[in-house]
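Engineer: In our numbering, the protein residues as written are 75 to 323.
Cβ coordinates follow ideal geometry from the N, Cα and C atoms, glycine included.
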Amino acid sequence: MFAVYLLLLCAAGVMFKVVPGGFIPTQDKLYLIGGVKMPEGSSLARTDAVIRKMSEIGMNTEGVDYAVAFPGLNALQFTNTPNTGTVFFGLKPFDQRKHTAAEINAEINAKIAQIQQGFGFSILPPPILGLGQGSGYSLYIQDRGGLGYGALQSAVNAMSGAIMQTPGMHFPISTYQANVPQLDVQVDRDKAKAQGVSLTELFGTLQTYLGSSYVNDFNQFGRTWRVDGPGRWAIPRERGRYRQPAHPQ
């Protein structure tokens with residue numbers, strides 16, 4: 075029994091020496107993952123327009139069977155943001171197309187690169203489901219010196235530029251953004267109290283118009299749907315016209 079164990083160890087050692095190392099090769103899994111990242115602060119309507127254009131590009135590419143679009147979904151981070159969108163391109167069966175998934179992906183990327191409104195891309199799915207959200211690999215940057223958000227953003231931009239200039243590498247996608255536009259709202263608590271405006275309702279109004287508010291759920295088509303307040307689509311020029319009725323004391 076011990077001899078068999080030694081034989082297996084020797085065989086494993088030989089295999090480690092003989093089998094070449096490297097990354098797991100990409101595979102043709104009959105679909106591609108497309109995405110778009112709009113400028114920070116972009117509305118869902120702008121993202122939806124670009125996503126529709128990407129879907130049209132995919133449908134006009136030989137070898138693509140269908141396209142399913144999800145504006146507002148970041149499939150690489152599993153988050154919902156109005157300035158990102160995802161498109162899944164379903165490919166035709168192998169016997170019904172002439173090109174591989176990698177060739178179709180390259181053609182789609184060449185067409186998407188002409189879209190000026192945002193940064194669009196298409197990638198192959200991960201070779202092993204559950205190990206990452208796409209083919210390729212990940213790099214990490216750490217601010218060990220405590221230089222702040224701006225310095226970290228500069229380092230990310232520099233690394234992305236170096237990747238774009240490296241042969242064989244393309245489409246660096248960063249999950250970090252320090253240039254997100256923000257709105258600073260100062261609430262005059264004394265004035266609100268003097269006018270009989272509840273601070274709870276005041277902040278609730280701001281949350282509804284500037285973010286979103288949960289309304290309720292309803293059942294339809296065999297599933298439960300969530301209803302949110304539509305305030306997230308409020309245009310900036312309406313910010314000064316938000317109203318909250320006062321309650322007489």
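Looking at C-beta atoms only, is the number of pairs between the stretch 243-254 and the stretch 209-226 that lie closer than 8 angstroms three or more?
Structural biologist: As far as the Cβ criterion goes, the stretch 243-254 touches the stretch 209-226, which means the pair count is three or higher.
Engineer: When you compare each of P246, L221, E177 to M233 by their alpha carbons, which one comes out closest?
Structural biologist: The residue labelled residue 233 in the question sits at position 159 within the sequence shown. Nearest C-alpha to M233: P246.
Engineer: Could you tell me the alpha carbon to alpha carbon distance between W307 and V301, rounded to whole angstroms?
Structural biologist: Taking the first residue of the sequence shown as position 1, residue 307 is located at position 233. Taking the first residue of the sequence shown as position 1, residue 301 is located at position 227. Low confidence applies to W307: its pLDDT is 49, below 50, so where it sits in the model is not reliable enough to give any reading.
Engineer: Thinking C-alpha only, which one of E136, K172, G132, S117 is nearest G146?
Structural biologist: Residue 146 sits at position 72 when you count from the first residue of the sequence shown. Selected option, being the one with the closest Cα: S117.
Engineer: So which of I182, T279, I178 has the shortest CA-CA distance to S287?
Structural biologist: On the sequence shown, residue 287 is found 213 positions in, with the first residue counted as 1. Checked all of I182, T279, I178; the closest Cα to S287 is T279.
Engineer: With H, G and I counted as helix, E and B as strand and the rest as coil, what does DSSP make of G235?
Structural biologist: Here residue 235 corresponds to residue number 161 of the sequence shown, with the count starting at 1. Of the three classes helix, strand and coil, the one that applies to G235 here is helix, per DSSP.
Engineer: In chain order, what residues of the same chain lie with their CB nearer than 7 angstroms to the CB of I131, ignoring the 5 residues before and after it?
Structural biologist: Here residue 131 corresponds to residue number 57 of the sequence shown, with the count starting at 1. Hits under 7 angstroms: I182, K185, I186.
Engineer: For a test of the three-state rule: what should DSSP assign to S212, helix, strand or coil?
Structural biologist: What you label residue 212 is simply residue 138 of the sequence shown in a count that begins at 1. S212 falls in the coil class under three-state DSSP.
Engineer: N290: which of Q281, D258, G303 sits nearest, CA to CA?
Structural biologist: Indexing the sequence shown from 1 puts residue 290 at position 216. When only C-alpha atoms are compared, the closest one is G303.
Engineer: Going by the beta-carbon positions, is the gap between F163 and L106 smaller than 8 angstroms?
Structural biologist: Here the question's residue 163 lines up with position 89 in the sequence shown. Here the question's residue 106 lines up with position 32 in the sequence shown. Against a cut-off of 8 angstroms, the Cβ pair of L106 and F163 comes out as a contact.
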